[in-house]
Amino acid sequence: MRYLLFICILFFAACEQSYTPKPRGYFNITFPQKQYRVFDQPGYPYTFEYPAYAQVTKDSTFFGEHPENPYWINIDFPSLNGKIYVSYKEIGAKNKLENLVADAFKMTYKHTYKADYIDEKDINNGHGVSGLFYEVGGNAASAKQFFATDSTHHFLRGALYFDATPNADSLAPVHKFLQEDMWHLVETLRWR
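Position one of the sequence shown corresponds to residue 1 (our numbering), numbered consecutively onward.
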């Protein structure tokens with residue numbers, strides 16, 4: 001009887017169960033309701049609307065140095081762990097338009113080694129603002145970027161970054177959500 005019980009235990013222990021792994025999942029993100037407020041600081045050469053769930057802070061350092069002028073800002077999204085870095089340059093003898101556009105192009109296309117694609121969309125908001133909006137696909141560090149200009153005096157560049165390892169799949173909903181806000185920013189951008 002003991003041998004029969006031992007054989008039954010061995011028989012059931014030797015059976016393999018088929019294991020099906022769970023698909024990989026990501027955190028559920030609850031997005032805030034879309035609402036905007038005006039960035040209209042005295043002395044700044046531009047104004048625009050930005051999300052009410054963001055905070056605008058003055059950018060005080062640029063790779064350990066002071067920015068070229070006092071009009072560089074960051075638009076922080078603390079609940080989404082992201083930030084749009086906004087830099088401003090005045091077009092002139094020191095900053096020629098073709099050089100600024102080439103630099104913006106170079107900074108965007110620096111992501112090609114990680115990008116699956118880079119789409120360019122024209123910006124023309126009807127208020128003297130034109131430029132390009134870049135959508136960088138794949139695991140690039142900055143998936144959304146733009147530059148806007150009046151082509152004679154003002155040049156503004158923005159790039160969205162997250163304080164996280166780039167992962168196109170997990171960041172896709174946040175990219176889509178903030179892309180709408182970035183488009184709203186360029187559509188409401190006005191020069192002074």
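By construction, the Cβ of each residue, glycine as well, lies at the ideal position given by its N, Cα and C atoms. All values reported here derive from a predicted model rather than from experimental measurement.
Might you give, ordered along the chain, the residues of its own chain that have their beta carbon closer than 8 Å to the beta carbon of residue i, omitting 5 neighbours on each side?
i	result
residue 66	60
Please report the straight-line C-alpha distance between residue i and residue j, rounded to a whole angstrom.
i	j	result
residue 115	residue 136	6 Å
residue 69	residue 132	23 Å
residue 140	residue 42	35 Å
residue 36	residue 50	5 Å
residue 85	residue 92	22 Å
residue 164	residue 190	32 Å
residue 72	residue 90	12 Å
residue 134	residue 34	22 Å
residue 94	residue 104	16 Å
residue 58	residue 159	15 Å
residue 100	residue 130	14 Å
residue 120	residue 144	10 Å
Buried or exposed for residue i, going by 16 or more other Cβ atoms inside 10 Å?
i	result
residue 109	exposed
residue 142	buried
So residue i packs on residue j, CB below 8 Å; how close in whole Å?
i	j	result
residue 75	residue 54	5 Å
residue 150	residue 128	5 Å
residue 182	residue 147	The Cβ separation is near 12 Å, so there is no contact.
Spatial neighbours of residue i within its chain, please: C-beta separation below 7 Å, excluding the five flanking residues on both sides.
i	result
residue 173	29
Identify every run of the beta strand (DSSP E) within the segment 43 to 107, keeping only runs that are complete inside it and at least 3 residues long; order them along the chain. You should have 46 to 51, 55 to 58, 73 to 77, 82 to 90.
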